[in-house]
Amino acid sequence: MTKVIRKSIVALAMVAISGSAYAAGELNLYNWGNYTNPELISKFEKEYDVKVTITDYDSNSGALAKVKAGGHGFDLVVPSANYVQIWINEGLLLETRPDQMSNFKNVAPEFANPDWDPERHYTVPWQWGSVGMIVDTSVYKGDINTSAIYLDPPDELKGKINVAPEMNDVISSAIMYVGGEPCTTDKAILRKVRDKLVAAKKHWLSMDYGVIEKFAGRDMAASLYWNGAAFRAREKNSDVRYGYPQEGFALWMDSVAVLKDARNVENAKLFQNFVMRPENAALISAFARYANGISGSDKYMPDDMKNAPEIIIDPKLAGAGKFLQACSPEATKMYTAIWTELQK
Amino acid sequence: MSEESQSLSRYELAARQQETKRNWLLCTPALVVLVLAASGPLLVMLFYSFLQGGDYGGVVYQFSLDGWLNVFMVRDIFDDVLQFADAHLSVFWRSIKLSAMTTITCLVIGFPTAYFIATRPRGSRNFWLFLITIPFWTNLLIRTFAILELIRNNGIINNLLLDLHLISEPIQILYTDTAIMIGMTYVYLPLMILPLYASMEKLDFQLVEAAYDLYATRIRVLRRVIIPLIKPGIVAGSILVFIPSLGAFVTPRVLGGGKNLMLGNLIQLQFDQGQNWPLGAALSITLLLIVMVTLLLYVRYAQNSGAKHG
Amino acid sequence: MASWTAKRKLFSIYKLPGFTFIAVSCFLMLYAPIVILVGYSFNSGSSLALWEGFSWRWYYSAWENETVQDATILSLVIALQAALYSTVLATMAALGTTRTRAFRGQTAIYTMINQPLMVPEIVTAVALLIVFATIKQATGYHGISYLVIAHTAFCIPFAYLPIRARLEDMDRSLETAAADLYATPWRSFRRVTLPLLWPGILAGAMLAFVISLDDVVITEFVKSAGQDTLPTFMLGQIRRVITPEMNAIATALLAVSVLMVSLIFLINRKKT
């Protein structure tokens, strides 16, 4: 009996370890969970004869902690824009000069020279999106392009509001609502932010992920959340609309970077170049349902995404969008204090 | 006579030393693994709680008591005045409160269930135990989501109550403290049932029968005979439920909707978006101390009542 | 007279008021979420809330999904090894700490063994990240041994408790009898103690296996490239969309485990 067990364990172990180690090269991608299109990966694997592994993370700081600790074995990581400077300053990224790669010409001009990675020496656009208000318009028929939905909620929405449990997104949205600039350390503004958030929390239902199901089941009627989820929620509940708060809404972008202690640097660079091709960028977008930063990818995008208001921002509303920066440690400490107080 | 007893005790001493050596040898492999992967890392945590936090998480190798200070006191962000960190304290209190309530609920539900199994015919008892453990062969995350499905506003329980016209509007169960308690009860129930069952199986029902022969009512028998005899099981089960639920993390996150932090979530926040590792380390050690106090009380009780350790 | 005794309901010393009702409700309550979970794995729609019809599609897509396959295999490999090692270590530790006179350091050992039960996982996880990261950098070894060691460690108390409980119940007269019959300690262990202890060992192993399969926090921090287990994979899904594919995987695993355990049960039954 024990012999049988032992033999099966060995067999299973061998299966697990061997995998398909017959490819010429290897590449280890460290990315957000459920964010990488398997088709994209197979295409890359076939084209370059490389075996790719994907490992998941579910938070910027978790990924940072893991890579900082060392010995991780990853080659590529996909940090959000407001963290890229942190990664660079901590010396964790390799300067691969994507701006000198052959496909760089495809990067949309508005994303080719961002503040957080000037001239794109380190990163390549993966996807970008916004943080706004998802509202079930069968419950509330007023203006949805405002943060008042969750900070000064109208009566119909009280008790049915969700707020994404993302400290940076919420605090920056609240700061812009009371008239400040994101990353401010102005105590007067922050005091207003704290008071507003704490007062508004009484009317919130939850601070959770997974809103798509809840909108489909009409468990909630409004949420501060990402645009891709709004798009998917509208597929299930046609009353859902996405609003762009005019007081200021956050824009985020995730980009692919190579790690300084990567073991497969050449393959990693090939991958960075690979995702700058329009048809590949479209594959990335089609999977997680967010826009990408590569021009010319529109012709390859799935039809339902081509004109969706959640993906293509109405130019009249786009002005209020701001890319979030990495805030100073001083600011972060204050924000964490506000956040903890909010959650008690 | 005394010479004999002396040589006897010398022999006994040698035998005892042999036994102690043998015991230690047997325990060593387990201890090695535990030191490497459990206790050792804890010491690292303790060390970290006395260091200064790095700017973006991590630590800087400089001594600082800030971590510990922040557990109890917080500098008011705006006035720079030191005051009680009542955010932390309310999280502590909520955790202890919810864990205690979960333990009591598990006891109320688990006691009759364990009793039921213990009074089945001998051959079928294993089968019943098997039935109890099957739900726990499913992944925790998915089970918690299934409970979420049950208690949502549009979920099965609310729909049932609405159909039976017992309520006119869905009851908001999800995202409340009650939801967390329901979830934790579900997760930790077998940890209560199994020790209770272990105690009940050894219960000598002749004593029960004797009590009935003396005209005791059923309630009396329960209170005066059964419960005192089962006490070790009750205490063991309570400990096994209370302690893990204090540090619970997944259930509060999924069912509490992130609005109601428990200790586990608060600690995780420090290592995640909060980027304050020394505080996270200090909070963890504090949790540990609460747990050790609970266990110490348990050991004290066990020694006093002469019950067997464990 | 006879009719009077016949009419009187038999007084059972075992029945307590309301207990059976609560017990049965408990069973129903335990299985309700499982029924939902299994039920929705057959949902033809992609929602976990709106039933749209019966379909096997999620089982097909889980079967095709390579990431899921890798994650499942890894989970099983780690769980099997962790269960095996932790049970062996726990058995030895149980033998060393039970049915013996109190010796120096016994309480310390006992505390150490049960310590994973008391420490919140996030703490162990971060601490392990730090310790293992240093080792990984020094040795360049990135295999799954780190995960196996970490899992073995926190499975030990779960294996230990049932084994110890069983051991305490055994009386030593059988082993003394074996010694009287000139059996060596090893022989006595193999032929007398072990068979008697077997149900406890089995219970401990099964508990350890399940605990390891479920672990998410520690695995998330200790894992290296390409080492996602099922729970960490699912954790990543929470932020995006959860489809009934997860339910299908969980149901499949459940079916396999139930089969496995039933087999073990039946085999043991035949022995006794």
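Protein chains in written order, with this note's numbering: chain A, 66 to 409; chain B, 971 to 1280; chain C, 2 to 273. Even for Gly, the Cβ is constructed at its ideal location relative to N, Cα and C. If you're wondering where the values come from, they're calculated on a predicted model, not measured in any experiment.
Asked                                                                                                                                : Found
Outcome for residue 86(A) when other beta-carbon atoms lying within 10 angstroms are tallied against a minimum of 16                 : With a pLDDT of only 42 at residue 86(A), under 50, the local geometry of the prediction cannot be trusted, and no value is derived from it.
With 16 other Cβ atoms within 10 Å as the buried cut-off, status of residue 366(A)                                                   : buried
Distance, residue 989(B) Cα to residue 395(A) Cα                                                                                     : 59 angstroms
For residue 193(A), the first and last residue of its enclosing beta strand (DSSP E)                                                 : 188–201
Runs of alpha helix (DSSP H) lying entirely within the stretch 352–401 of chain A, each at least 4 residues, in chain order          : 368–371 and 380–383
Spatial distance of residue 1064(B) from residue 404(A) (CA atoms)                                                                   : 18 angstroms
Chain-ordered residues of the stretch 128–148 of chain A with a beta carbon less than 9 angstroms from chain C                       : 130, 131, 133, 134, 135, 136, 137, 138, 139 and 140
Residues, ordered as in the chain, of the stretch 114–127 of chain A that lie near chain C by beta-carbon distance below 8 angstroms : 118, 119, 120, 121, 122, 123 and 127
Residue 117(C): contacting residues in chain D (beta-carbon distance under 7 angstroms)                                              : In the structure shown, chain D does not exist; the protein chains are A, B and C.
Chain-ordered neighbours of residue 28(C) on chain B, where CB pairs are closer than 8 angstroms                                     : 1083, 1101 and 1102
Beta-carbon separation (whole angstroms), residue 97(A) vs residue 143(A), contact threshold 8 angstroms                             : 6 angstroms
DSSP beta-bridge partners of residue 1053(B)                                                                                         : 1044(B)
CB contact below 8 angstroms: residue 1211(B) versus chain C                                                                         : no
Min CB distance residue 234(C) to chain A below 8 angstroms                                                                          : yes
Those residues which DSSP pairs with residue 288(A) across a bridge                                                                  : 199(A) and 227(A)
Which residues DSSP lists as bridging residue 91(A), in chain order                                                                  : 116(A)
Three-state class that DSSP yields for residue 1032(B) in the structure shown                                                        : strand
Which listed residue (991(B), 1246(B) and 1252(B)) has its alpha carbon closest to that of residue 105(C)                            : 991(B)
Interface residues of the stretch 269–284 of chain A facing chain B [CB-CB below 7 angstroms]                                        : 269, 270, 271, 272, 273, 282, 283 and 284
Residue nearest to residue 1038(B) in terms of C-alpha spacing, selected from 1030(B), 1057(B), 1018(B) and 1222(B)                  : 1018(B)
is_contact[residue 244(C), chain B] using C-beta, thresh 8 angstroms                                                                 : no
Pairwise C-alpha distance: residue 243(A) and residue 249(A)                                                                         : 12 angstroms
Separation of residue 37(C) from residue 1110(B), as counted between CA atoms                                                        : 14 angstroms
Where residue 249(C) meets chain B, residues with beta-carbon distance less than 7 angstroms                                         : What residue 249(C) touches in chain B: nothing, since even the nearest Cβ is about 10 angstroms away.
Extent of the continuous alpha helix (DSSP H) to which residue 107(C) belongs                                                        : 107–119
The stretch 1057–1072 of chain B: positions lying closer than 9 angstroms to chain A by Cβ                                           : 1057, 1058, 1059, 1060, 1061 and 1064
Counted within 10 angstroms of its Cβ, other Cβ atoms place residue 1135(B) as buried (16 or more) or exposed                        : exposed
Simplified DSSP assignment, three categories, for residue 269(A)                                                                     : strand
Given residue 1146(B) as reference, the closest of 998(B), 1057(B), 1030(B) and 1222(B) once Cα atoms are compared                   : 1222(B)
The stretch 199–211 of chain C contacting the stretch 147–160 of chain C, beta-carbon criterion three pairs below 8 angstroms        : yes
Inter-residue CB distance, residue 165(C) and residue 95(C) (contact presumed, cutoff 8 angstroms)                                   : 4 angstroms
Interface flag, residue 105(C) vs chain B, CB-CB below 8 angstroms                                                                   : yes
Residue-level contact to chain A via CB, residue 54(C), 8 angstroms cutoff                                                           : no
Chain C within 8 angstroms of residue 1241(B), Cβ atoms only                                                                         : yes
For residue 308(A), the three-state DSSP class (helix, strand or coil)                                                               : strand
Whether residue 204(A) touches residue 222(A) by CB criterion (8 angstroms)                                                          : yes
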